[in-house]
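Numbering (this note's numbering), first residue to last: 962 to 1226.
Note that beta-carbon positions come from the ideal geometry of N, C-alpha and C, so glycine has one too.
Here the structure is a predicted model, which means the values were calculated and not measured.
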């Protein structure tokens, strides 16, 4: 096993593993490892070859990504796409469908996500009582573009005090949002504008980090998925219509066009 499969950050040893995912593929994970176990498996001299870092940082960049910055390991994940000139008719049709008459604003939104990932953006809320509207497809498209920097949360995840698994992400998406308590609304609004956030993991002290995540929410409840006060401008609400047709290969076609779309952006 190559030494790249182990790292030491500060005084903690980690093993880098590829965890199988239920829908295929793998997710890269860091598992806290034991020094003595490492010595037993690879010998006492192996630990000297393990790469060492002073700590973690989270610096998002999709164009000039740096895995290590001044001896700090970047927790933000690179995206694996290589922009390439070409056509993207299916992505264009999806963006037209989601943003309608605000198509240019939709393109601006996606461009800012790609080129200026720390830029604060409104909470995108897509609503429709109808089925087969493309809301979930749009979420899956965002996941395909930004990969491990997108996390799918449930309403319960959002309300949980333990938030380490979604801190440092570019996008936090909730497919069937129902956050209709006043405290939910206030938390959402505060997170959409704050520059820093206290991260809490089970069994660990709270740690303050820079917060740049954007929220994308979907709901079949058109009346009260979240509480939005009169005059509130931190939400961008889009009513999504039903798709004219149902193409079971549509997501695969979107994925194939991502390099061309990123070249365009």
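- Taking C-beta atoms as the reference points, residue 1096 and residue 1112 fail to come closer than 8 Å.
- Taking a cut-off of 8 Å for Cβ pairs, the region 1088-1106 and the region 1200-1214 touch, as three or more such pairs fall below it.
- Ranked by Cα distance from residue 1215, the first of 1100, 1003, 995, 972 is 1100.
- Cβ atoms of residue 1042 and residue 1220 come within 8 Å of each other, at about 5 Å.
- Rounded to the nearest whole angstrom, the CA to CA distance from residue 1067 to residue 978 is 36 Å.
- For residue 1197, the beta-bridge partners assigned by DSSP are 1085.
- Beta bridge pairing from DSSP links residue 973 with 970.
- CA-to-CA, the gap between residue 1040 and residue 1094 works out to about 27 Å.
- With contacts defined by Cβ atoms closer than 8 Å, residue 1177 and residue 1134 form a contacting pair.
- Where residue 1168 is concerned, there is no enclosing alpha helix (DSSP H), although the beta strand (DSSP E) around it starts and stops at 1168-1171.
- Annotation: residue 1184 to residue 1061 spans about 20 Å, alpha carbon to alpha carbon.
- For residue 1128, there is no enclosing beta strand (DSSP E), as DSSP marks it with neither H nor E.
- 8 Å or more divides the Cβ of residue 1010 from the Cβ of residue 993.
- Collapsing the DSSP output to three states places residue 1155 in coil.
- Under the three-state reduction of DSSP output, residue 1180 falls in the strand class.
- For residue 1014, the pairing in a beta bridge is given by DSSP as 970.
- It is roughly 20 Å from the alpha-carbon of residue 1154 to the alpha-carbon of residue 1116.
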